[in-house]
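Take a look at the structure below.
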Amino acid sequence: MTVEELIVYGKSKTSSDHAKMLLASFLEVNPLELLTILDKKVDETIEKKYEDSLEALREKKPIQYVIGNVNFYGSRFIVNKNVLIPRFETEELVEQVVEYSKKFNKDKLRVLDLGCGSGAIGLTIKKLIKDSEVTLVDISKEALEVAKQNAVNLGLDVTFVESDWFSNLEITKYDIIVSNPPYIKNDEQVEEIVKNNEPALALYGGQDGLDCYKKILSSIKPYLNDEYLIAFEIGESQKEEITNLVINCLPTAIVTCKKDLYGRNRMIFVRNKIK
Numbered sequence: 008m009t010v011e012e013l014i015v016y017g018k019s020k021t022s023s024d025h026a027k028m029l030l031a032s033f034l035e036v037n038p039l040e041l042l043t044i045l046d047k048k049v050d051e052t053i054e055k056k057y058e059d060s061l062e063a064l065r066e067k068k069p070i071q072y073v074i075g076n077v078n079f080y081g082s083r084f085i086v087n088k089n090v091l092i093p094r095f096e097t098e099e100l101v102e103q104v105v106e107y108s109k110k111f112n113k114d115k116l117r118v119l120d121l122g123c124g125s126g127a128i129g130l131t132i133k134k135l136i137k138d139s140e141v142t143l144v145d146i147s148k149e150a151l152e153v154a155k156q157n158a159v160n161l162g163l164d165v166t167f168v169e170s171d172w173f174s175n176l177e178i179t180k181y182d183i184i185v186s187n188p189p190y191i192k193n194d195e196q197v198e199e200i201v202k203n204n205e206p207a208l209a210l211y212g213g214q215d216g217l218d219c220y221k222k223i224l225s226s227i228k229p230y231l232n233d234e235y236l237i238a239f240e241i242g243e244s245q246k247e248e249i250t251n252l253v254i255n256c257l258p259t260a261i262v263t264c265k266k267d268l269y270g271r272n273r274m275i276f277v278r279n280k281i282k
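At the far end of the sequence shown sits residue 282, using our numbering, and the numbering has no gaps.
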């Protein structure tokens, strides 16, 4: 079959955008480039892979898992059922962290990514902040394997630790600690495609959605340098509750909540001695 014939076939099975995105990924071209190769004959092995993947989409699998990767802040990250799919909002968290990092009065920053999943946050920070020393932590061996492969693919030298938050982490002073922990309430309504495919371990944060923030903040003090930044992604309704948790654990800290591009409260930054 030709590219054009496969696009037509794909549109009969899924949306036009997904059909093109899927085929483009297998042909290793940009979806827009498909228009320039409509008459190209496609190898039968790619045809079969395309057909199988279309069936996976019909079975309500996320297209990111079907393709096997996602673009995050300009880099391609492997993703599978063992890791959360990185979202655009998390790119905003990374961007804010990079901006805050410029306020530190030192050349080499030590960064900790707690609950790293695919490694999207920690690896992107490593790529963007010059000379940073980055450690990525996750409780899931399977997630760490994905993150390690992403580090290799991106040519980034970082440290990985298998740990339930700080439990297996040697006490080291960090300048920046960043985390996008599970924050969905156990009984909260979630899209079926998310609930049925993405790891529950990375989604649910207990009855109030705050379990992970409580665990992190209750143990964080020994790991903070004198001048520090803590950066959290949060659920849009959790601003007040998480701010209170921070103040209880770090009463002298400066707490700032920032909105995402949709105007939702999605990021909390905790600082000490950063002007």
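C-beta: ideal position from N, C-alpha, C; glycine also.
None of these values were measured; they are calculated from a predicted model.
- In this structure, the CA atom of S23 is about 7 Å from the CA atom of G17.
- A direct Cα-to-Cα measurement between N255 and Y80 gives close to 34 Å.
- Comparing C-alpha distances from G129 to each of E149, K109, N112 and V105 shows the shortest one belongs to V105.
- Within the same chain, and ignoring the five residues on either side of V77 in sequence, the residues whose Cβ sits closer than 7 Å to its Cβ are Q71, F84, V86, I92 and P93.
- The count of Cβ pairs closer than 8 Å, one atom from the segment 53-61 and one from the segment 186-196, stays below three, leaving the stretches out of contact.
- About 7 Å separates the Cβ atoms of V144 and L119, confirming a contact at the 8 Å cut-off.
- Between T97 and A127, the gap from beta carbon to beta carbon is short of 8 Å.
- The alpha-carbon of A154 is positioned some 25 Å away from that of Y235.
- Going by beta carbons, A150 and V201 fall outside the 8 Å limit.
- Taken through DSSP and simplified to helix, strand or coil, L163 comes out as coil.
- Boundaries of the alpha helix (DSSP H) around D218: D218 to S226.
- V101 places its beta carbon less than 8 Å from that of I132.
- Of the candidates L210, L116 and G122, L116 places its Cα closest to the Cα of K134.
- When DSSP states are grouped into helix, strand and coil, I14 belongs to the helix group.
- The segment 239-246 makes contact with the segment 170-190: 3 or more CB pairs, one atom from each, lie closer than 8 Å.
- The shortest C-alpha to C-alpha distance from V36 to any of V185, T250 and V10 is the one to V10.
- Contact between the segment 259-269 and the segment 214-227 is absent, with fewer than three C-beta pairs closer than 8 Å.
- Assignment of N255 by DSSP, reduced to helix, strand and coil, places it in the helix class.
- F111 carries a coil assignment under DSSP once its states are collapsed to helix, strand and coil.
- In this structure, the beta-carbon distance from L252 to S186 does not fall below 8 Å.
- When beta bridges are read from the DSSP output, Y235 appears opposite N279.
- In the structure shown, Y181 adopts extended strand secondary structure according to DSSP, grouped into three states.
- Annotated as proximal: Y181 and L231, with beta-carbon spacing under 8 Å.
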